[in-house]
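Counting with mature numbering (1 follows the signal peptide of the UniProt record, and there is no 0), you get residues -19 to -1, 1 to 135 for the letters of the sequence shown. In this text, a Cβ means the ideal position worked out from N, Cα and C, and glycines have one as well. This report refers to the structure that appears directly beneath it.
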Amino acid sequence: MKRVLSVATLIVAIVALSACGPTRKSVFPPLVSIQQLHVGADGQWRMQLRIQNNSYDGVKFRAVNLDMKLHGADAGRIDQAIDLDIPALSVDVADVRITPSPTAARLLAGNAVRYQLEGTATGTPEQDKKPRTFKVKSGDTWLSPVPGIANTWR
């Protein structure tokens, strides 16, 4: 009987001590999409990337490295340093520029277009000391011309 009681006491002590450790908040990859795209007079695309932090902890996002496709054709590459501190379960916007491929420029000309983004976003969760690289892959999403605002899609 003493043996059973001492084993039960040991199990209760282990469970109680394991509850004393710090809680770790879950960290998940962000969702990245294009909030707005504007074609400049020089042909460059200025975009507002919408970055949604899906983590239960704030994340300091420092870079995005994404391949962009329009209707499945390569449109260009977004390799840009950013500086966004996004709180848990929140959204912010980063301004980026790319020089589109000639095919992408033709596909965009006044039409609604399907796009995909795939690559990585680098950020440091508040609970970590080192940055993490998150895989990013958007599904098929659409950009449509904005009525009354020339050369702009949302």
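Residue(s) in a DSSP beta bridge with residue i
i: GLY39; result: Paired residues: none, contrary to the question.
i: SER125; result: Answer by DSSP bridge pairing: none, since SER125 is not bridged.
i: GLY100; result: LEU47, VAL117
i: SER14; result: ARG31
i: PRO106; result: VAL40
i: residue 149; result: Past the edges of the chain, shown from -19 to 135, lies residue 149, and the structure says nothing about it.
i: THR133; result: HIS19
Cβ-heavy atom distance, residue i to the ligand MG, below 7 Å
i: GLN17; result: The model depicted lacks the ligand MG and carries no ligand whatsoever.
C-beta contact flag for residue i and residue j at 8 Å
i: GLY21; j: ALA86; result: no
i: VAL40; j: THR105; result: yes
i: SER14; j: SER119; result: yes
i: VAL117; j: LEU51; result: no
i: ALA44; j: GLN16; result: no
i: TRP134; j: LEU18; result: yes
Presumed contact (8 Å Cβ cut-off) between residue i and residue j, rounded CB distance
i: LYS92; j: LEU70; result: Inspection of the sequence shows that residue 92 is occupied by Asn rather than by Lys. Actually they do not touch by this definition, with Cβ atoms about 34 Å apart.
i: ILE63; j: ALA75; result: 4 Å
i: ARG58; j: ILE32; result: That pair is no contact at about 17 Å.
i: LEU30; j: VAL77; result: 6 Å
i: GLU107; j: ASP38; result: 5 Å
With 16 other Cβ atoms within 10 Å as the buried cut-off, status of residue i
i: PRO83; result: exposed
i: ALA131; result: exposed
i: ILE67; result: buried
Practice problem: Output the residue ranges of the alpha helix (DSSP H) runs that lie fully inside the segment 52 to 90 and measure 4 residues or longer, sorted by chain position. | Solution: 83 to 89
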